[in-house]
Structures are given as structure tokens and as C-alpha cells.
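As C-alpha cells, the structure follows; a few thoughts come after it.
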Amino acid sequence: MDDELPVRVMLGRLLRLADYRVREYASGKEFLSSLSGHPPLCAIVDLYMPGLSGFEVQSRLSAANLKVPVVFITGSDDATLERTVRTAGARNLLRKPFSSDELLEAIHGAIGSAGRTWMGD
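Residue numbers are given in the working numbering: position 34 of the sequence shown equals residue 50, and the series is strictly consecutive.
Next up, the structure:
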């Protein structure tokens, strides 16, 4: 999820081309509201969005005992973020702009570390 439409469109296209089923959300609140039923294999979450931040989304997932691996994305160059992201329980932090390969590698790692398969799980 990302509050910027061009980023959501780009991520959605890339992931569909990689054979993922994708749902795009403009906010953390919208994403969390959608989680009844089947949680996603992985969530790509921008750290800094209006409303709920990426950290707040991760915290609410944990509080609800939803084991959704998170890959954070950010445009920030704050050097302390990697440690903060790992402490929050996320699998990875990608800084914008990142390559398609970096994103796919982070997603595969997040899904694999959660003991799930990336297709049809």
C-alpha cells in the first residue's frame, strides 16, 4: 500500500507480471479493513502515509496476531530506519527508487521466511 497512485500502479503492474494476485490500497486503514477472510501472503507498505503510518499498520497486524510478512518501502534516507523496521518485525526495507529485482527478491524472501509458497497459498 502506498498513498501515491503512481507508485501503487507501478507496483501492481510489476507484481501482476510476476504472477502475483494483487490488491492495491491507498491507506493503512483501507488495507486493515480488508483483512477479513484471507490475509495476503505479503504486504508492501509505505512507511510514511497520511493517517496510519507503516509502523502503525505493522503494529496492528501483530496485535491482531495476523502473521502477514511486511516489506516496507520509503523515500526517506534516514540511516536508523533499518534497525527500527527490523525491530517492528518487518522483513525488509526498500528505499525508493528500488529496482524490480530488489522488490521481487524482498517479497520472495518475506514469503519464504513465513513458511508459505508464493503462488496460490
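Just so you know, even glycine gets a beta-carbon here, dropped at the ideal spot from N, CA and C.
Query                                                                                   : Result
Beta-carbon gap between Tyr41 and Met17 smaller than 7 Å                                : yes
For Phe114, three-class secondary structure by DSSP                                     : coil
In DSSP terms, what Leu109 is bridged to                                                : Phe88
Short Cβ contact (7 Å threshold) for Met65 with Asp19                                   : yes
Distance CB(Leu48)-CB(Arg76) smaller than 7 Å                                           : yes
Proximity winner among Phe71, Pro56, Gly105, relative to Leu63 (alpha-carbon distances) : Phe71
Under the three-state DSSP convention, the category Ala80 falls into                    : coil
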